[in-house]
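A.B. asks: In terms of the working numbering, the numbers along the sequence shown are unbroken and rise by one, the last being 624.
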Amino acid sequence: MSETKTTAPSTSAYRRETRLVHSGTLRSQYGETSDALFLTQGFVYESAEQCEARFTGDDPGFQYSRFSNPTVSAFEQRMAEFEGAETARATATGMAAVTAALLAPLRAGDHVVASKAMFGSCRYVVEDLLPRYGIESTLVDGLDLAQWEKALRPNTKTFFLESPTNPTLDVLDITEIAKIAHAGGARLVVDNVFATSLWQSPLELGADVVVYSATKHIDGQGRCLGGVVLSSTAFIEEHIQMYLRQTGPSLSPFNAWVLLKGLETLAIRVEKQTSNAAAVADALAGHPKIARLIYPGRDDHPQAATVKKQMRAGSTLVGLDVKGGKESAFRFLNALKLTLISNNLGDARSLVTHPATTTHQRLKPEVRAELGISEGFIRYSAGIEHQDDLIADLLAALEKA
Ligand SMILES: *Cc1c(COP(=O)(O)O)cnc(C)c1O
224 MSETKTTAPS
234 TSAYRRETRL
244 VHSGTLRSQY
254 GETSDALFLT
264 QGFVYESAEQ
274 CEARFTGDDP
284 GFQYSRFSNP
294 TVSAFEQRMA
304 EFEGAETARA
314 TATGMAAVTA
324 ALLAPLRAGD
334 HVVASKAMFG
344 SCRYVVEDLL
354 PRYGIESTLV
364 DGLDLAQWEK
374 ALRPNTKTFF
384 LESPTNPTLD
394 VLDITEIAKI
404 AHAGGARLVV
414 DNVFATSLWQ
424 SPLELGADVV
434 VYSATKHIDG
444 QGRCLGGVVL
454 SSTAFIEEHI
464 QMYLRQTGPS
474 LSPFNAWVLL
484 KGLETLAIRV
494 EKQTSNAAAV
504 ADALAGHPKI
514 ARLIYPGRDD
524 HPQAATVKKQ
534 MRAGSTLVGL
544 DVKGGKESAF
554 RFLNALKLTL
564 ISNNLGDARS
574 LVTHPATTTH
584 QRLKPEVRAE
594 LGISEGFIRY
604 SAGIEHQDDL
614 IADLLAALEK
624 A
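(1) Is Phe-285 close to ligand 1? I mean its beta-carbon at under 7 Å from any heavy atom of the ligand.
(2) Is any heavy atom in ligand 1 found nearer than 7 Å to the beta carbon of Asn-478?
(3) Locate the alpha helix (DSSP H) running through Ile-491, then write down its first and last residues.
(4) Between Ala-605, Leu-489, Thr-497 and Thr-580, which lies nearest to Phe-568 when the distance is taken from Cα to Cα?
(5) Start and end of the alpha helix (DSSP H) containing Ile-403?
(6) Just checking, does the region 340-352 make contact with the region 572-585 on the three C-beta pairs under 8 Å criterion?
(7) Rounding to the nearest angstrom, what Cα-Cα distance links Lys-484 and Ala-579 in this structure?
(8) Does Met-534 pass the burial test, meaning 16 or more other C-beta atoms within 10 Å, or should it be called exposed?
(9) Taking DSSP as the reference, what is the three-state secondary structure of Phe-382?
(10) Let me make sure I understand the geometry here. Which of Leu-618, Lys-549, Glu-240 and Arg-602 has the alpha-carbon closest to that of Ile-564?
(11) Near Glu-304, what residues of its chain come up, given a Cβ to Cβ distance below 8 Å and the 5 sequence neighbours on each side ignored?
(12) Thinking just about the alpha-carbon of each residue, which of Ile-400, Phe-417 and Val-416 is nearest to the one in Arg-410?
(13) Within its chain, find whatever has a CB closer than 7 Å to the CB of Ala-319; leave out the 5 residues flanking it on each side and keep chain order.
(14) May I have the straight-line CA-CA distance separating Ser-338 from Arg-492, to the nearest angstrom?
(15) What distance in whole Å lies between the Cβ atoms of Ser-420 and Glu-272, which are believed to be in contact at a cut-off of 8 Å?
(16) Please state the DSSP three-state secondary structure of His-334.
(17) Any heavy atom of ligand 1 inside 7 Å of the beta-carbon of Thr-539?
(18) If you draw a straight line from the C-alpha of Gly-408 to the C-alpha of Leu-448, how long is it?
(19) Could you check the C-alpha separation between Ala-500 and Lys-587 for me, to the nearest Å?
(20) Since Gly-542 sits in a beta bridge, which residues does DSSP pair it with?
(21) For the region 504-520 against the region 545-555, do three or more pairs of beta-carbon atoms, one drawn from each stretch, fall closer than 8 Å, so that the two count as touching?
(22) Which residue or residues does DSSP assign as beta-bridge partners of Ser-436?
(23) Got a sec? Which residues, its chain only, sit under 8 Å from Val-335 by beta carbon, not counting five neighbours each side?
(24) Can you find at least 3 beta carbon pairs, one from the region 420-440 and one from the region 391-399, that sit closer than 8 Å?
(25) Closest by CA to Ala-437, which one among Ser-251, Gln-300, Ala-313 and Thr-497?
(26) Compute the distance between the beta-carbons of Leu-170 and Val-295, then report whether it is under 8 Å.
(27) Are Ala-315 and Asp-258 closer than 8 Å when you measure CB to CB?
(28) With DSSP run on the structure shown, which of helix, strand or coil describes Gly-485?
(29) Check whether the Cβ of Thr-581 sits closer than 7 Å to any heavy atom of ligand 1, and report yes or no.
(30) Grab me the residues of Ala-374's own chain with a C-beta within less than 8 Å of its C-beta, minus the 5 sequence neighbours each way, in chain order.
(31) Given 7 Å as the limit, tell me if Ser-551 has its C-beta closer than that to any heavy atom belonging to ligand 1.
(32) Taking Pro-377 as the reference, which of Glu-598, Phe-600, Glu-385 and Ala-404 has the closest Cα?
(33) What residues in its chain sit with their C-beta under 7 Å from that of Tyr-356, if we drop five residues either side in the sequence?
(34) Answer with buried or exposed for Met-224, where buried requires no fewer than 16 other C-beta atoms within 10 angstroms of its C-beta.
(35) Taking the beta carbon of Glu-385 as the centre, do at least 16 other beta carbons fall within 10 Å, making it buried, or is it exposed?
(36) From Ser-424 to Arg-301, what distance separates their C-alpha atoms?
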């Protein structure tokens, strides 16, 4: 964090749950208990000489909140220590983090390989945006290691994947894909939104860069958007720092403060959401109205062995393929009383999404079919409510499907 100048003591000797509460805290002269909110655009200097020294970097300190801000720095440090990364840089949204991690290190003539099962906007960046600037991309079936290997070219610089994937919850083998990337001289960027850093540590598995939409489990209470890129200090300084500073997708200090408060409770929320998702999956598996249920924590998940190898727990998300296509899925969604229809995920409230008509609506029907996003497919994001209320709501609504 060379631009962020925090002096908060390291908490790396503590466990994840402890780091989530204490890392990055920089108390002001008032000794406040909670994190301070520095809602300021800029900073004032004692002299013109000090101002000059700030800009040359000889005097450590803040200059302008597009570059860095004390509250944003505290969030970055807490995220870095939670993830076990050397450095984190925050962004205004998850997509700003993904775009920075992919675009900033590349130039015309480079090549990217990505798993085709991913968040719709990530797919737009890889498939539509990068090629416009002369960066070619190849989409592969991320589960098939041979396809990653075959897609490698001498100019391949980046492999990109998310796991579990959105929305079908495929689990990709991060260790093996990192090995293929590194053997070909490429870096691996992992979008770890669906797993959270509580349950999966891509950097330990061999990835080089991790990105998050902080909008999801990190806020976890539906309030604000945010994103974060985590990697080695060398990668951030070489590729990300200047790009963010000069193009400006900065996180608001107010949102950084909300996200710091979100991190304090992330472990208890995600643990509860995961046990709720597991209970929902067990209650709905084999239901006569459901053609297919996917939950990374169950033994019948198609990549159960990979889940065991690389994740510390299942997920807060469940995939349900309701029999009878879109009409039946819509009847089910409209009959839910407690569970809310929303395209967000990772929230304290349980949410359901119909990907074919929302997050993945932009894709051609045959592409959706190839990804397993059928017309009856529903993504369920477990909240922190009582599991019996959630299961009762889902079972009652399924009667209407
Ligand atoms: C939501 C999401 C994003 C984008 O995050 P925003 O904060 O909405 O910009 C990226 N990747 C995945 C997997 C997501 O779920």
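Using N, Cα and C, we set each Cβ at its ideal position, and we do this for glycine too.
C.D. replies: Let me spell this out:
(1) No, the Cβ of Phe-285 stays beyond 7 Å of every heavy atom of ligand 1.
(2) No, the Cβ of Asn-478 stays beyond 7 Å of every heavy atom of ligand 1.
(3) The continuous alpha helix (DSSP H) containing Ile-491 extends over residues 489-507.
(4) Strictly speaking, residue 568 in this sequence is Leu, with Phe absent from that position. The shortest C-alpha to C-alpha distance from Leu-568 to any of Ala-605, Leu-489, Thr-497 and Thr-580 is the one to Ala-605.
(5) In the DSSP annotation of this structure, the continuous segment of the alpha helix (DSSP H) that includes Ile-403 starts and ends at 397-406.
(6) Segments in contact, yes.
(7) The alpha-carbon of Lys-484 is positioned some 33 Å away from that of Ala-579.
(8) Buried: at least 16 other Cβ atoms inside 10 Å.
(9) Strand.
(10) Nearest to Ile-564 by alpha-carbon distance, out of Leu-618, Lys-549, Glu-240 and Arg-602, is Arg-602.
(11) Only residues of its own chain outside the window of five on either side were considered, and among them Ser-233, Thr-234, Ser-235, Arg-242, Ser-246 and Gly-247 have a CB closer than 8 Å to the CB of Glu-304, listed in chain order.
(12) Selected option, being the one with the closest Cα: Ile-400.
(13) Result list for Ala-319: Gly-450 and Pro-472, in chain order.
(14) Using only the alpha carbons, I get a separation of about 29 Å.
(15) Taking C-beta atoms under 8 Å as the contact rule, Glu-272 and Ser-420 fail to qualify, at a distance of about 42 Å.
(16) Strand at His-334.
(17) Because no heavy atom of ligand 1 lies under 7 Å away, the Cβ of Thr-539 does not count as near it: no.
(18) Straight-line spacing of the CA atoms in Gly-408 and Leu-448 works out to 34 Å.
(19) In this structure, the CA atom of Ala-500 is about 30 Å from the CA atom of Lys-587.
(20) Its beta-bridge partners are Ile-517 and Arg-602.
(21) In this structure the region 504-520 touches the region 545-555; the number of beta carbon pairs closer than 8 Å is three or more.
(22) Answer is Gly-450, bridged to Ser-436.
(23) The beta carbon of Val-335 sits closer than 8 Å to the beta carbons of Leu-325, Leu-329, Val-349, Leu-353, Ile-358, Glu-359, Ser-360, Thr-361, Thr-379, Lys-380, Thr-381, Phe-382 and Phe-383 from its chain, once the five residues preceding and following it are set aside; these are given in chain order.
(24) Enough Cβ pairs lie closer than 8 Å, so yes.
(25) Ranking Ser-251, Gln-300, Ala-313 and Thr-497 by Cα distance to Ala-437 puts Ala-313 first.
(26) This structure cannot speak to residue 170, because the chain is shown only from 224 to 624.
(27) No, the Cβ-Cβ distance between Ala-315 and Asp-258 is not below 8 Å.
(28) Gly-485 sits in a helix when the DSSP states are folded into three classes.
(29) No, the Cβ of Thr-581 stays beyond 7 Å of every heavy atom of ligand 1.
(30) Here the set comprises Val-336, Thr-361 and Val-363.
(31) Checking the Cβ of Ser-551 against ligand 1 gives no.
(32) Pro-377 has its Cα closest to that of Ala-404, out of Glu-598, Phe-600, Glu-385 and Ala-404.
(33) Around Tyr-356: Ala-331.
(34) Residue placement at Met-224 is poorly supported in this model, since its pLDDT is 40, which falls under 50; the coordinates are not used for a value here.
(35) So Glu-385 counts as buried.
(36) Answer to the nearest angstrom: the Cα atoms are 15 Å apart.
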